[in-house]
Amino acid sequence: MSNSGPQFFAWCDEPQRIDGFAAALSALIIPGYTISLMMGASLTCRTFFIDEALAMVRAHFGGLKSAHIGSSVRPNDSKRVMRLSLGCYPEESERRHPYGPLEAKAGERKWDFYPYEIPVGRGPRSVEAEAAAAYHVVQGDIEDLLLRLCAPDASGRVPTGACTGEEDWIAPVEMCATYNANAAELARDLALSWVSLHHKESVSRIAGTPLSALHARVDAAPRGARVPMNSSSELAGSLSRETVLKVLAMPPATLLDALEAAAVPDEAWRAAEPQARELLELRRQLDDEAAGEVPPAFWVDVTTREHARFLEEHAPFHVRRLPSGGVVLATHPYRTLWPLWADALFVLGLMS
34 MSNSGPQFFA WCDEPQRIDG FAAALSALII PGYTISLMMG ASLTCRTFFI DEALAMVRAH
94 FGGLKSAHIG SSVRPNDSKR VMRLSLGCYP EESERRHPYG PLEAKAGERK WDFYPYEIPV
154 GRGPRSVEAE AAAAYHVVQG DIEDLLLRLC APDASGRVPT GACTGEEDWI APVEMCATYN
214 ANAAELARDL ALSWVSLHHK ESVSRIAGTP LSALHARVDA APRGARVPMN SSSELAGSLS
274 RETVLKVLAM PPATLLDALE AAAVPDEAWR AAEPQARELL ELRRQLDDEA AGEVPPAFWV
334 DVTTREHARF LEEHAPFHVR RLPSGGVVLA THPYRTLWPL WADALFVLGL MS
């Protein structure tokens, strides 16, 4: 697990990339906060005005000159304010070392984003409930920040994006969240994952490949070809070419329905939820100066290995249909989306 906050990525055609960067910047940074722009050692700008920073970006972006902005973000309409890093990379830069092409990071350190402590009452403690409460503190922020990067307006210039608790844009099924502007192309996540893992290619370089071209690349692989998946289940430990081709051939609505059906919290999570809600309410009361007298409480560390392991194994999945026609798949950054996909593929009878 990275020592910094989660990383967010978005793919955009180079002719629209600066416009995408500008829209994301406007949707993410807090108005009136300092904006620091760097486009190389000698090209820097420090301002309070987005237009001033963007004028420099438009004048110099291209070749190996990428744009890096530091400012502040308030996630999900919360009271928290944290450091925001936002990057935009041109094609030539991406060919040498893929970073983006659009990339954002919330928080300079891990605990700037993730809760370090959760308040509990005087009764018996539950690591599971404490971990579940910590999940709810950040989960809305993950989806909120991903959408503000990928879909800050109705332009549709970003077809796909993702989030991870690690450093790089890897196979979508190994990320903690993905965004697709068109739900009918949700199978892209699976095809893109297979092509990236099979051919050892950077996802940020091929994320914008048309779905038909990804289909052709999977089809061209040898029959029976498989890629290993990071899974504790022997049956879900790899993904075959044939499974991906069957998913690409099925109606998109069937795939989306199967993913929704698979996104059901497991028994361990359901058991922890009631007490987790009580902990969240206690936290709200402690944060609310007008709440009056609240029950006695003390704060406990939720960064232990036991808390992290519960999230890695049991954090639930969210399949979110967007009014725009897009879809977001998400879970906690300590987990990946592969268990959701594996369960959906089992439901469809496609795991082989």
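Just so we're aligned, residue 34 is where the sequence shown starts under the working numbering, counting upward by one.
Using N, Cα and C, we set each Cβ at its ideal position, and we do this for glycine too.
As the structure is a prediction and not an experimental result, all values here were calculated from the model.
**Prompt:** Helix or strand or just coil, what does DSSP make of Y212?
**Reply:** Mapped onto the sequence shown, residue 212 falls at position 179. In the structure shown, Y212 sits in a strand (DSSP, three-state: E or B).
**Item:** Three-state class that DSSP yields for A137 in the structure shown
**Value:** The count along the sequence shown starts at 1 and reaches residue 137 at position 104. A137 falls in the strand class under three-state DSSP.
**Item:** the segment 191-211 contacting the segment 339-346, beta-carbon criterion three pairs below 8 Å
**Value:** no
**Beta-carbon gap between L219 and C196 smaller than 9 Å** = Position 186 of the sequence shown, counting from 1, holds the residue named residue 219. Position 163 of the sequence shown, counting from 1, holds the residue named residue 196. Taking 9 Å as the Cβ cut-off, L219 and C196 do not qualify as a contacting pair.
**Asked** If you draw a straight line from the alpha carbon of P157 to that of H365, how long is it in whole angstroms?
**Response** Position 124 of the sequence shown, counted from the first residue, corresponds to residue 157. Position 332 of the sequence shown, counted from the first residue, corresponds to residue 365. Near 25 Å, if we compare the C-alpha coordinates of H365 and P157.
**Proximity to E199 [Cα-Cα], best of R142, A309, G95** = Mapped onto the sequence shown, residue 199 falls at position 166. Taking only the C-alpha atoms, the option nearest E199 is R142.
**Request:** Tell me the start and end of each unbroken alpha helix (DSSP H) in the segment 221-262 that is at least 4 residues and wholly inside, in chain order.
**Result:** 221-232, 236-239, 244-252
**Prompt:** Which two residues bound the contiguous beta strand (DSSP E) that contains A152?
**Reply:** Taking the sequence shown and counting its residues from 1, one reaches residue 152 at position 119. With the sequence shown as reference, residue 152 is identified as Pro, and Ala is not the correct amino acid for it. Its beta strand (DSSP E) spans residues 150-153.
**Prompt:** Which partner residues does L272 have in the DSSP bridge list?
**Reply:** Translated into positions along the sequence shown, residue 272 becomes position 239. For L272, which the question treats as bridged, DSSP gives the partners V260.
**Prompt:** Of the choices Y367, E47, G359, whose alpha-carbon is the least far from that of T337?
**Reply:** On the sequence shown, position 304 is the one that residue 337 refers to. Ranking Y367, E47, G359 by Cα distance to T337 puts Y367 first.
**Request:** Go through its chain and collect everything with a Cβ distance to E136's Cβ below 6 Å, but skip five positions before and after it.
**Result:** To locate residue 136, count along the sequence shown from 1; it is residue 103. Here the set comprises F42, G120.
**Prompt:** For R238 versus E127, is the C-beta distance shorter than 9 Å?
**Reply:** Taking the first residue of the sequence shown as position 1, residue 238 is located at position 205. Taking the first residue of the sequence shown as position 1, residue 127 is located at position 94. Against a cut-off of 9 Å, the Cβ pair of E127 and R238 comes out as a contact.
**Asked** If you draw a straight line from the alpha carbon of K138 to that of L383, how long is it in whole angstroms?
**Response** Position 105 of the sequence shown holds residue 138. Position 350 of the sequence shown holds residue 383. Taking the straight line joining both Cα atoms gives about 36 Å.
**Prompt:** Should A162 go down as buried or exposed, given a rule of 16 or more other Cβ atoms within 10 Å for buried?
**Reply:** Here residue 162 refers to the residue found at position 129 of the sequence shown. A162 should be labelled buried.
**Asked** What is the DSSP secondary structure of K98, reduced to helix, strand or coil?
**Response** Translated into the one-based positions of the sequence shown, residue 98 becomes position 65. Three-state result, K98: strand.
**Message:** Just to confirm my understanding: we take F146, look at its own chain, exclude 5 residues before and 5 after, and list those with CB closer than 7 Å. What are they?
**Reply:** Taking the first residue of the sequence shown as 1, we reach residue 146 at position 113. Excluding residues within five positions, the ones whose Cβ falls inside 7 Å are G38, P39, M115, A139, G140, V171.
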